[in-house]
Every structure is written in C-alpha cells, then in structure tokens.
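Student:
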Amino acid sequence: MEVPLVVTFAPDEVKQELCYDNLFCSIEGSKPVTLTLAGSCIVLPVANRVLNFVCQVRSQCTQFVILSNNTNQRWCLKPVIEDEYWSALLSLVIESYQQNKAYKITYKPMAMTTDGKKHLGTEQPPKAVSTISREVPCKTS
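And the structure:
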C-alpha cells in the first residue's frame with residue numbers, strides 16, 4: 442500500500458543548499474524509515490514595479506500584480522500586506538509554468554492623511570454622493 446507523505450519546505454534563512462540526512466520517520470504499524478531532505482532558498486528579486494493608488498477617503502481602488510511561474514514546481518505564496526488600508530488574498534497558488542496570474546490588491550483609506558505623513562498611497566477628500574436641495578418658506582411680514 443502506498444501512502445503519500447507531504448513535507449513542507451519553509452526555510453527561514455537564505456542558503457544555497459539545505460540538506461538533512463538520516464532523518465527517522467516513524468510510521469504507525471511499520472518500521473521507521475530513513476529520509477534525506479534537501480532544498481535550496483534564493484534571495485527575493487528586487488521589486489521592479491511600484492503600484493500607486495489614488496482614491497478618495499472611504500472609497501476604494503484596486504490594482505493587479507501579474508505573476509508568472511517559470512519553474513516546474515507549484516508555488517504556494519503567502520504575500521505580506523502590513524497596513525490597515527490595503528487588502529488582498531492571504532495566500533495564492535501559482536501552478537508550474539503558469540503565466541500571467543493576476544493578484545488583486547485593494548486600497549481603501551478610511552482616514553485622510555495629515556501633512557508630512559502618507560499611507561504609502563494617496564487619497565483625496567470625500568466626495569458628495571448627491572446634493573440635497575430644499576425650498577423653505579420664510580416669514581414675509
């Protein structure tokens with residue numbers, strides 16, 4: 442009987458080659474087996490595109506980052522968005538050799554910025570949704 446064994450590779454440092462030999466894997470109901478695990482981690486490339494978001498307070502603006510996987514391995518990405526005004530999916534899967542996968546990022550400022558401080562994007566004052574017009578009679582005598 443064959444049972445798949447899933448091993449997740451999540452390095453916490455950049456190394457050309459990570460290798461662990463003679464690791465024991467205990468399997469219930471059978472003898473332990475010995476594993477060798479190997480992997481490598483590369484430095485992230487420098488961002489080559491800057492997204493500029495401009496929208497009014499309490500409205501939203503959405504843009505897309507296009508990603509391509511030119512490897513024969515499936516990518517499971519966990520992007521980090523560290524500000525309350527931006528939102529995006531917490532994880533993204535790009536299949537091997539998949540091209541032009543769109544990753545949606547939304548900017549929704551809930552407060553205006555003050556002089557000298559920015560949200561890493563720009564926003565504009567709130568815009569009126571409609572105009573209220575009323576005729577009010579006044580006293581003439």
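Sequential numbering from 442 applies to the sequence shown in the numbering used here.
We put the beta carbon where it would ideally sit given N, CA and C, even for glycine.
These figures come from a predicted structure and were not determined experimentally.
Can you say whether residue 548 is buried or exposed, counting buried as having 16 or more other CB atoms within 10 angstroms of its CB?
Tutor: When all chains shown are included, residue 548 counts as buried.
Student: Quick one: using the 10 Å Cβ neighbour count with 16 as the cut-off for buried, is residue 494 buried or exposed?
Tutor: Label assigned to residue 494: buried.
Student: Just how far apart, CA to CA, sit residue 533 and residue 445?
Tutor: Cα to Cα, residue 533 sits roughly 23 Å from residue 445.
Student: In the DSSP assignment, the beta strand (DSSP E) including residue 507 goes from what residue to what residue?
Tutor: That run of the beta strand (DSSP E) goes 502–508.
Student: Across which residues does DSSP place residue 474 in a beta bridge pair?
Tutor: Residue 474 pairs with 466.
Student: Please give me, in chain order, every unbroken run of the beta strand (DSSP E) with length at least 3 that falls completely inside the segment 505–547.
Tutor: Counting only runs of 3 or more, we get 516–518, 527–529, 533–535.
Student: Below 7 Å CB to CB, which residues in the same chain sit around residue 448 once its five sequence neighbours on both sides are set aside?
Tutor: 478.
Student: Using a threshold of 8 Å, state whether the C-beta atoms of residue 492 and residue 544 are closer than that.
Tutor: Not a contact, by the Cβ cut-off of 8 Å.
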